[in-house]
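J.: Pasting a structure below so you can have a look.
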Amino acid sequence: MRLRIIGDTSRFNSRLQERIRKSEALTAGNTGLTLNIAANYGGRWDIVQGVRQLAEKVQQGNLQPDQIDEEMLNQHVCMHELAPVDLVIRTGGEHRISNFLLWQIAYAELYFTDVLWPDFDEQDFEGALNAFANRERRFGGTEPGDETA
Numbered sequence: 032m033r034l035r036i037i038g039d040t041s042r043f044n045s046r047l048q049e050r051i052r053k054s055e056a057l058t059a060g061n062t063g064l065t066l067n068i069a070a071n072y073g074g075r076w077d078i079v080q081g082v083r084q085l086a087e088k089v090q091q092g093n094l095q096p097d098q099i100d101e102e103m104l105n106q107h108v109c110m111h112e113l114a115p116v117d118l119v120i121r122t123g124g125e126h127r128i129s130n131f132l133l134w135q136i137a138y139a140e141l142y143f144t145d146v147l148w149p150d151f152d153e154q155d156f157e158g159a160l161n162a163f164a165n166r167e168r169r170f171g172g173t174e175p176g177d178e179t180a
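Numbering-wise, the working numbering puts 99 at position 68 of the sequence shown, and it's gapless, one number per residue.
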């Protein structure tokens, strides 16, 4: 298993930051599962840190502003190497995304349930998957199969 901590770890004490770096380095070559832990993470922070990385490349002369596009920014946000998120399940009756993975869930389907997370079981998960299976995915388009957005 590979361990990744996503979020602004610069606010953690230096000892914890070092432990995070060592743990990620120790597991970096592992294949199979990747455990992503969001710690001090926010979707807006994620987008801003990606933009800052691109701005630094522009400032260094390694990138022209007109070269920046959606895909380039996508390569600078957390979890860019993973497949796009298909389904977000929000438990506990909340009907918001709460600043979580804003860039990554742009075309995800959202499923809301009143069931609290500790009580969310296999039957609830199956219900979410069935609801997802019955959705018409448009990926930003206006018609099923239209992915032009």
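In this text, a Cβ means the ideal position worked out from N, Cα and C, and glycines have one as well.
Everything numeric in this text was worked out from a predicted model, so none of it was measured.
1) Would you kindly work out how many angstroms separate the C-alpha atoms of residue 37 and residue 138, rounded to a whole number?
2) Measuring only the C-alpha atoms, how far is residue 166 from residue 92?
3) Whole angstroms are fine: how far does the CA of residue 81 sit from the CA of residue 104?
4) Could you tell me the alpha carbon to alpha carbon distance between residue 40 and residue 131, rounded to whole angstroms?
5) Since residue 133 contacts residue 75 with CB under 8 Å, what's their CB separation in whole angstroms?
6) Hey, how far is the Cα of residue 85 from the Cα of residue 150?
T.: Quick look at the numbers:
1) Residue numbering aside, residue 37 sits at position 6 when the sequence shown is read from its first letter. Residue numbering aside, residue 138 sits at position 107 when the sequence shown is read from its first letter. Approximately 21 Å, taken between the alpha carbons.
2) Translated into positions along the sequence shown, residue 166 becomes position 135. Translated into positions along the sequence shown, residue 92 becomes position 61. Note on geometry: alpha-carbon atoms of residue 166 and residue 92 lie some 45 Å from one another.
3) The residue you call residue 104 lines up with position 73 of the sequence shown. The residue you call residue 81 lines up with position 50 of the sequence shown. Straight across, the Cα-Cα distance linking residue 104 with residue 81 is about 6 Å.
4) One-based indexing of the sequence shown puts residue 40 at position 9. One-based indexing of the sequence shown puts residue 131 at position 100. Distance between the alpha carbons of residue 40 and residue 131: 16 Å.
5) Here residue 133 refers to the residue found at position 102 when the sequence shown is read from its first residue. Here residue 75 refers to the residue found at position 44 when the sequence shown is read from its first residue. So it is a contact: roughly 7 Å between Cβ atoms.
6) Counting from one through the sequence shown, the residue named residue 85 turns up at place 54. Counting from one through the sequence shown, the residue named residue 150 turns up at place 119. Their Cα atoms are separated by approximately 42 Å.
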